[in-house]
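Some notes on the structure that comes next.
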Amino acid sequence: MTGADDLLEKLAAALGPKGLTRDPADLSPWLEDWRKRYRGAALAMASPASTQEVVQILKLCSAANVPIVPQGGNTSMVAGATPCEEGRSLLLSMRRMNRIRSLSAQSNSAVCEAGVVLSHLHEAAEGEGRRFPLTLGARGTATIGGLISTNAGGTQVLRFGTMRGLVQGLEAVLPDGTLFEGLTPLKKDNRGYDVRQLLIGAEGTLGIVTAANLKLVPAIGSRSVAWVGVSSPTKALELLHLLSAGMANSIEGFELVPRSALELVLAHVPGTRQPLEAMHEWNVLIEATAPVAAPSPEEALSAALGSAFAAGLAEDAAIAPNEAQAGAFWRIRDSISEAEHKDGPAAKHDLSVEVAAMPGFIVEATAAVERRFPGSRVIAFGHLGDGNVHFNVRAPQDAGPDWLRDEAPAVTRYVHDLVVAAGGSISAEHGIGQMRLSELHRLADPARLGVMRAIKNALDPKGIMNPGKLVPPFDGAQESLAEATLQP
Ligand code: FAD
Ligand code: 2HG
Ligand code: ZN
-7 MTGADDLLEK
3 LAAALGPKGL
13 TRDPADLSPW
23 LEDWRKRYRG
33 AALAMASPAS
43 TQEVVQILKL
53 CSAANVPIVP
63 QGGNTSMVAG
73 ATPCEEGRSL
83 LLSMRRMNRI
93 RSLSAQSNSA
103 VCEAGVVLSH
113 LHEAAEGEGR
123 RFPLTLGARG
133 TATIGGLIST
143 NAGGTQVLRF
153 GTMRGLVQGL
163 EAVLPDGTLF
173 EGLTPLKKDN
183 RGYDVRQLLI
193 GAEGTLGIVT
203 AANLKLVPAI
213 GSRSVAWVGV
223 SSPTKALELL
233 HLLSAGMANS
243 IEGFELVPRS
253 ALELVLAHVP
263 GTRQPLEAMH
273 EWNVLIEATA
283 PVAAPSPEEA
293 LSAALGSAFA
303 AGLAEDAAIA
313 PNEAQAGAFW
323 RIRDSISEAE
333 HKDGPAAKHD
343 LSVEVAAMPG
353 FIVEATAAVE
363 RRFPGSRVIA
373 FGHLGDGNVH
383 FNVRAPQDAG
393 PDWLRDEAPA
403 VTRYVHDLVV
413 AAGGSISAEH
423 GIGQMRLSEL
433 HRLADPARLG
443 VMRAIKNALD
453 PKGIMNPGKL
463 VPPFDGAQES
473 LAEATLQP
């Protein structure tokens, strides 16, 4: 019997029939990333139902030196939850751990297991007159454990910050099976290094998140959602400043949508309709909210938009007259990834620069990329108020079937060089996964890489936690493995 067979036998005994599968048909959908660019292999898929089972799995895998690839909803944009091709890893699905252990309106908190799907938490919080203030297009599939492990952002960061600020306590299992019990939401805690924060955004390379205590905020009483046509990203940011000055804590969504993205959505997503009479080169989707018992934000938003027209910042605007229309505006925004995916290949980038510098960056980098790669078309959209856009470069219309493999890497290097020169980041919210690993390796400063390697080595000396992701290899071996799994 091989070491792997022995491990699988022990796992089967510990987890029972629901907790372990080797059936290729069960495994197959989970071996490919959401964008269908990477396909890996695994020994088996373990699906623990409790923290104790995760402890057992990590102890057994650590003893057998078998790598573990944690997976939540598998919506990673950087193939972070996809195992590498060699098939030596155990895929660890957290989806069965989907209980909300407690939810308290009084203490504004919810304790969720890692496999709770984001939209389920939204619904549960709403039922108690509260809300969890982080959302994104993949909310019907992405899990709390995945969101924590990528320090996800989304469309409410402007007001509520990223996942990092919303996790008040954490329970996790470290690579050797040790349980880290940090669920109590202490407001003050100075016992040295912050283990909780270390695990947030670690992409499963330092341990498995099993549960978290999450911050809730009061439910909104009303919201007002507007679609505004603007002439440039600079005008869009000026519009945000104008709105923020008058409506301070009320603006929580401000998303930039270029005409090109809107056209893709209208072409590929059934039931979507052009929001304004004419097409505008740039658009912003604005959400303003008001607490329960406070007046609706509509009047204030309408007045602010009036000032924006007077100041020459807006070309046209529509405030959704009802919830159905508000939902329709958001559907356009949330469907951009899906529409792009249906339309054809793109070299995707998730960039941030200083907020004030983003409009200039978008305009200059777009011109530079389209000049350098004739026929390519940039679609830059997203979280302008956070200084974060998805700077996606679409293949030229006459591109061959191997464009992603043969041409896109040069585009990516060029875009990343531009963002680094601007003092920005090559990953604002999606993480590094396996897709950004070689670029992190190429571009990150030695201090950052050195610290990351030292931490990884200290906590996971056997290197069994999500190998080939996030932490650049010491000798290039893992990197070439990751590159080798890239599908044409
Ligand atoms: P997975 O994809 O399964 O895993 C993500 C990473 O976390 C992997 O490295 C995995 O190994 C690790 N992991 C998963 N669970 C655990 C665990 N319990 N313990 C330890 N490690 C774990 N992201 C944004 O930030 N903002 C957006 O606006 C946004 N919009 C998106 C829209 C669409 C349509 C899609 C498909 C994705 C979007 N994403 C966005 C990316 C994605 O949804 C997030 O990265 C999300 O956090 C991943 O959650 P998941 O449960 O699917 O995690
Ligand atoms: C978004 O903001 C997501 O919609 C996905 O982060 C971005 O598809 C993308 O590039
Ligand atoms: Zn995004």
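In our numbering, the protein residues as written are -7 to 480. Ideal Cβ positions, reconstructed from N, Cα and C, are used throughout, including at glycine.
- Query: How about the region 189 to 203 and the region 250 to 263: do they share at least three Cβ pairs that are nearer than 8 Å?
  - Reply: no
- Message: Does Ser430 pass the burial test, meaning 16 or more other C-beta atoms within 10 Å, or should it be called exposed?
- Response: buried
- CB-CB under 7 Å to Glu173, same chain, minus the five flanking residues each way: which ones, in chain order? Glu163
- Should His260 be listed as close to the ligand FAD, given that the test is whether its C-beta is under 7 Å from any heavy atom? no
- Item | Bridge partner(s) assigned by DSSP for Leu190 | Beta-bridge pairing links Leu190 to no other residue.
- Message: Following a CB-centred definition, is Pro62 positioned closer than 7 Å to any heavy atom of the ligand FAD?
- Response: yes
- CA-to-CA distance, Ala312 to Glu77, given in whole angstroms: 48 Å
- Count the C-beta pairs between the region 447 to 456 and the region 89 to 96 that are closer than 8 Å, then say yes if the count reaches three, no if not. no
- Message: Applying the 10 Å Cβ sphere with the 16-neighbour rule, what's the burial state of Ser20?
- Response: exposed
- Please check the pair Gly336 and Arg397, which I expect to be a contact at CB under 8 Å, by giving their CB distance rounded to whole angstroms. At roughly 14 Å, the Cβ-Cβ gap does not stay under 8 Å, so Gly336 and Arg397 are not in contact.
- Message: Can you tell me whether Ala228 is helix, strand or coil according to DSSP?
- Response: helix
- Message: Please return the same chain residues whose Cβ sits closer than 6 Å to the Cβ of Ala(-4), not counting the five positions on each side in sequence.
- Response: Leu35
- Item | Top-ranked residue by Cα proximity to Phe373, from Cys104, Asp326 and Glu45 | Asp326
- Pick out the complete alpha helix (DSSP H) segments inside the region -7 to 21, 4 residues or longer, and give them in chain order. -5 to 7 and 16 to 19
- Message: Relative to the C-alpha of Ala504, which candidate in Leu231, Val361, Leu229 and Pro210 has its C-alpha closest?
- Response: The structure shown does not extend to residue 504, since the chain is modelled only from -7 to 480, so the question has no answer here.
- Item | Contact belief for Pro40 with Asn458 at Cβ below 8 Å, rounded distance in angstroms | Not really, about 16 Å apart at Cβ, beyond 8 Å.
- Task: With DSSP as the reference, label Tyr185 as helix, strand or coil.
- Result: coil
- Message: Given the structure, does His341 come close to the ligand ZN, in the sense that its CB is under 7 Å from one of the ligand's heavy atoms?
- Response: no
- Skipping 5 residues on each side, what residues in its chain have a beta carbon closer than 7 Å to that of Gln470? Here Gln470 scores only 42 on pLDDT, less than 50, and its place in the model should not be relied on; the value that follows carries that caveat. Excluding residues within five positions, the ones whose Cβ falls inside 7 Å are Pro459 and Gly460.
- Message: So if DSSP puts Trp274 in a beta bridge, which residue, or which two residues, is it bridged to?
- Response: Val222 and Pro250
- Mapping DSSP to helix, strand and coil, what is Val381? strand
- How many Å lie between Glu315 and Ala218 at the Cα? 11 Å
- Task: Return the first residue and the last residue of the alpha helix (DSSP H) that His422 is part of.
- Result: Neither: His422 is in no alpha helix (DSSP H) and is coded neither H nor E.
- Message: I want to check one thing, is the minimum distance from the CB of Leu128 to the heavy atoms of the ligand FAD below 7 Å?
- Response: yes
- Item | Inter-residue spacing [alpha-carbon to alpha-carbon] between Gly8 and Gln189 | 33 Å
- Item | Rounded separation between Glu120 and Ser111 - CA only | 15 Å
- Message: I want to check one thing, is the minimum distance from the CB of Ile486 to the heavy atoms of the ligand 2HG below 7 Å?
- Response: For the chain, the structure presents residues -7 to 480; residue 486 sits outside this window and is missing.
- Indicate the three-state DSSP secondary structure (helix, strand or coil) for Leu268 in the structure shown. coil
- Given a threshold of 16 other Cβ atoms within 10 Å of its Cβ, counted over all protein chains shown, does His233 qualify as buried or as exposed? exposed
- Express the C-alpha separation of Leu435 and Arg403 in angstroms, rounding to a whole number. Residue 403 is actually Val in this sequence, not Arg. For Val403 and Leu435, the distance between alpha carbons rounds to 15 Å.
- Query: Buried or exposed: Asn384, going by 16 or more other Cβ atoms within 10 Å of its Cβ?
  - Reply: buried
- Residues bridged to Glu105 [DSSP beta-bridge criterion]: Ala203
- Query: Pick from Met86, Gly367 and Tyr30: whose alpha carbon is nearest that of Ala38?
  - Reply: Met86
- Near Leu12, which residues of its chain fall below 8 Å by C-beta distance, leaving aside the five closest residues on each side in sequence? Leu0, Leu3, Ala4, Ala36, Met37, Ala38 and Ser39
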